[in-house]
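See below for the structure under consideration.
2 protein chains.
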Amino acid sequence: MRTKIWSAKQEVEIGRDLPLVIIGERINPTGRKRLAAALEQGDMGLVQEEARRQVQAGARVLDVNVGLSGADEAGLMVEAIAAVGEAVDVPLCLDSARPDVLAAGLAAYSGKALVNSVNGEEAKLAEVLPMAAAHRAAVVALTMDDRGIPTDVPTRLAIAEKIINRADKLGIPPEDVIIDPLAMSVAADDQAGLTALHALAAIRHEFGVNQTIGASNVSFGLPDRRAVNSVFLAMAVVAGLTCPITDPTVWEIKRTLVIADLMRGHDEFGMNYITAYRSQFPEED
Amino acid sequence: MRTKIWSAKQEVEIGRDLPLVIIGERINPTGRKRLAAALEQGDMGLVQEEARRQVQAGARVLDVNVGLSGADEAGLMVEAIAAVGEAVDVPLCLDSARPDVLAAGLAAYSGKALVNSVNGEEAKLAEVLPMAAAHRAAVVALTMDDRGIPTDVPTRLAIAEKIINRADKLGIPPEDVIIDPLAMSVAADDQAGLTALHALAAIRHEFGVNQTIGASNVSFGLPDRRAVNSVFLAMAVVAGLTCPITDPTVWEIKRTLVIADLMRGHDEFGMNYITAYRSQFPEED
Numbered sequence: 000m001r002t003k004i005w006s007a008k009q010e011v012e013i014g015r016d017l018p019l020v021i022i023g024e025r026i027n028p029t030g031r032k033r034l035a036a037a038l039e040q041g042d043m044g045l046v047q048e049e050a051r052r053q054v055q056a057g058a059r060v061l062d063v064n065v066g067l068s069g070a071d072e073a074g075l076m077v078e079a080i081a082a083v084g085e086a087v088d089v090p091l092c093l094d095s096a097r098p099d100v101l102a103a104g105l106a107a108y109s110g111k112a113l114v115n116s117v118n119g120e121e122a123k124l125a126e127v128l129p130m131a132a133a134h135r136a137a138v139v140a141l142t143m144d145d146r147g148i149p150t151d152v153p154t155r156l157a158i159a160e161k162i163i164n165r166a167d168k169l170g171i172p173p174e175d176v177i178i179d180p181l182a183m184s185v186a187a188d189d190q191a192g193l194t195a196l197h198a199l200a201a202i203r204h205e206f207g208v209n210q211t212i213g214a215s216n217v218s219f220g221l222p223d224r225r226a227v228n229s230v231f232l233a234m235a236v237v238a239g240l241t242c243p244i245t246d247p248t249v250w251e252i253k254r255t256l257v258i259a260d261l262m263r264g265h266d267e268f269g270m271n272y273i274t275a276y277r278s279q280f281p282e283e284d
Numbered sequence: 000m001r002t003k004i005w006s007a008k009q010e011v012e013i014g015r016d017l018p019l020v021i022i023g024e025r026i027n028p029t030g031r032k033r034l035a036a037a038l039e040q041g042d043m044g045l046v047q048e049e050a051r052r053q054v055q056a057g058a059r060v061l062d063v064n065v066g067l068s069g070a071d072e073a074g075l076m077v078e079a080i081a082a083v084g085e086a087v088d089v090p091l092c093l094d095s096a097r098p099d100v101l102a103a104g105l106a107a108y109s110g111k112a113l114v115n116s117v118n119g120e121e122a123k124l125a126e127v128l129p130m131a132a133a134h135r136a137a138v139v140a141l142t143m144d145d146r147g148i149p150t151d152v153p154t155r156l157a158i159a160e161k162i163i164n165r166a167d168k169l170g171i172p173p174e175d176v177i178i179d180p181l182a183m184s185v186a187a188d189d190q191a192g193l194t195a196l197h198a199l200a201a202i203r204h205e206f207g208v209n210q211t212i213g214a215s216n217v218s219f220g221l222p223d224r225r226a227v228n229s230v231f232l233a234m235a236v237v238a239g240l241t242c243p244i245t246d247p248t249v250w251e252i253k254r255t256l257v258i259a260d261l262m263r264g265h266d267e268f269g270m271n272y273i274t275a276y277r278s279q280f281p282e283e284d
């Protein structure tokens, strides 16, 4: 099953039998003071810089989140979409907890976007899915609902199924629903990694849809988080992850995903890996 | 399916639902000049040092290979088994290309050993399997035969089946056959990683047996081989690897396998990982 999204200038296809698609996560003010300050002043220079850096590092889609308490988030989203579109050609993943912000973003976006996110909560389904359907957008769907994040695989599977069915009824086909089965902290729950890996495998087996996952939660509270995230990502790729939301400017993460593609038979003569390595360590030549 | 092997002092159990078992690969003179020189002089001090270091680093089984051209390999194998048995308690994997050396090793070993290796070649099957059966040993079985190493998954699966059946007829049950589906260089064949991962998954699915793999071939000819081997190992664990033959004294490899166990739900409160990290970087506390 293949998901196609596009900007005015570029189409990206996501699928099991295709190279991994990295969705760059850095355009997000959460925990990033400099970016938050720039956004507060309506300065889109840093957003454009982050866009360029991530595409340069291998991101093929960019997540755009401008959520700031007290700010005109809808206005900022529209500005950010325009600014990013000037800086780079890749399609965007419009990311907000607020449906009105997603609506403003979808209206401003030229192309087929990814909407981040919907989940099994009735309010979310009712507000976000029709909007995504109207714009023929694809959606990221988290396997949680009004009861919270289930700790078991069958409930996550059931939520995925519910969202896929609900989307389908509204005219969003299964290939335009990208499931995020949620990786939680293994330091808080030592079964959390296994649950995420099993959920990925079960969802792939049952529905064959594309899947994303934010790997950074998994390492919360542990030393050398990049190593933990990298190992989890490599394992998740085998379980069914096709489009990780992550930071490709971190070499350990980028390296892991490039090597994972090499191991999946998607890197002819290993040239992508060798090129990535050489651009990271040019002094060794 | 669980494989049990033991020394006079310690039993180790290998299985899908158990923590990974690292088989330490360092007692092998191939490419190790110092160890080769020590063995040539019949000096077992370095062998004992390698045994202690690897067990300290997390190896739960040790591979013992004393193959030197021109040397009395059978005699050295018997001496090495005794020397390693004095230094550490873990069970051993007796490793030689020569059936007479394996026979001498099996005769000298107290416990249930792992024999490394048999493959689909008729001569190997005829010589090594009856000997392993007579000693009630477990065997490592490579998915290659008189025709060489097959590049496709179905042929590797067929060779695994042939060896499992042949072993069974001689009284070696399937749980005592550990398949090595062979990871070859991705730089030489860019489908080699995918083939190994698919073979692991197919063999697990069909036979449910334990599997080992030597990860180092996969990175031959590439930069940052440890990173490549680590990513491959993490992926292989999801596909069906349960007892990698590797070097646990290399932190990147050890870290990968400890994190993989954490992600498989085999590390309560993440304490194994945190302990391993702290013993690697004591200065940070």
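Protein sequence lines, in the order shown, are assigned to chains A and B. Here numbering that gives the first Met the number 0 is used: the first residue of the first sequence is 0, the next is one more, and so on. Here numbering that gives the first Met the number 0 is used: the first residue of the second sequence is 0, the next is one more, and so on. Ideal Cβ placement from N, Cα and C applies to all residues, glycine included. Source: prediction; values computed, not measured.
Does the CB of residue i have a neighbour CB from chain A at under 9 Å?
| i | result |
| --- | --- |
| L196 of chain B | yes |
| Q276 of chain B | Before going further, note that residue 276 of chain B is Tyr rather than Gln in the sequence given. Y276 of chain B counts as touching chain A. |
| A226 of chain B | yes |
| F206 of chain B | no |
| V152 of chain B | no |
| V114 of chain B | no |
Under 9 Å between beta-carbons, which chain A residues line up against residue i? List them in chain order, please.
| i | result |
| --- | --- |
| I273 of chain B | A186, L221 and P222 |
For residue i, go through chain A and note every residue whose CB falls closer than 7 Å to its CB, in chain order.
| i | result |
| --- | --- |
| A233 of chain B | V230, A233 and M234 |
Is residue i close to chain B, meaning its C-beta is less than 9 Å from at least one C-beta of that chain?
| i | result |
| --- | --- |
| V63 of chain A | no |
| V217 of chain A | yes |
Pick out whichever of the options has its Cα sitting closest to the Cα of residue i.
| i | options | result |
| --- | --- | --- |
| R59 of chain B | B:A50, B:H265, B:W250 and B:N271 | B:A50 |
| T255 of chain A | A:E121, A:Q53, A:S229 and A:M234 | A:S229 |
| N216 of chain A | A:A238, A:H204 and A:D188 | A:D188 |
| S95 of chain A | A:D88, A:A81, A:V87 and A:K123 | A:K123 |
| A107 of chain B | B:A125, B:A73, B:V89 and B:L128 | B:A73 |
| G41 of chain A | A:E121, A:D144 and A:M76 | A:M76 |
| R319 of chain B | B:A133, B:N118, B:A235 and B:A35 | The question about residue 319 of chain B has no answer, for chain B in this structure spans 0 to 284. |
| N64 of chain B | B:L91, B:G57 and B:A259 | B:L91 |
| A259 of chain B | A:G239, A:L193 and A:R263 | A:L193 |
| A137 of chain B | B:F231, B:N209 and B:M183 | B:N209 |
| M183 of chain A | A:A200, A:P173 and A:I212 | A:I212 |
| A238 of chain B | A:L128, A:M262, A:I178 and A:R155 | A:M262 |
| R33 of chain A | A:V46, A:V249, A:V87 and A:A133 | A:V46 |
| I4 of chain A | A:F206, A:R135, A:E48 and A:D151 | A:R135 |
| M0 of chain A | A:L141, A:E205, A:N27 and A:A79 | A:E205 |
| V157 of chain A | A:T142, A:G147, A:E126 and A:A166 | One detail in the question is off: residue 157 of chain A reads as Ala in this sequence, not Val. Of A:T142, A:G147, A:E126 and A:A166, the residue nearest in Cα terms is A:T142. |
| P243 of chain B | B:V227, B:I22 and B:V11 | B:I22 |
| I177 of chain B | B:R146, B:V249 and B:V117 | B:V117 |
| R207 of chain B | B:D16, B:V11, B:D223 and B:S6 | In the sequence as displayed, the identity of residue 207 of chain B is Gly instead of Arg. Comparing Cα-Cα distances from G207 of chain B to each of B:D16, B:V11, B:D223 and B:S6, the minimum goes to B:D16. |
Between residue i and chain C, is any beta-carbon pair separated by less than 9 Å?
| i | result |
| --- | --- |
| E12 of chain A | No chain C is part of this structure, whose protein chains are labelled A and B. |
Please name the residues in the stretch 182 to 196 of chain B whose beta-carbon is closer than 7 Å to at least one beta-carbon of chain A, in chain order. V185, A186, D189, Q190, G192, L193 and L196
Closer than 8 Å between beta carbons: that is the criterion. Which residues of the stretch 238 to 269 of chain B meet it against chain A? A238, R254, T255, I258, A259, L261, M262, R263, G264, D266, E267, F268 and G269
Mind listing, in chain order, the continuous beta strand (DSSP E) runs of no fewer than 3 residues lying wholly within the stretch 43 to 82 of chain B? 60 to 63
Which runs of the beta strand (DSSP E) at least 3 residues long sit entirely within the stretch 138 to 189 of chain B? Give them in chain order. 176 to 179
Quick one: complete beta strand (DSSP E) runs, 3+ long, within the stretch 216 to 278 of chain B? none
Where are the alpha helix (DSSP H) runs, 4 residues long or more, that stay fully inside the stretch 93 to 137 of chain A, in chain order? 98 to 107 and 121 to 133
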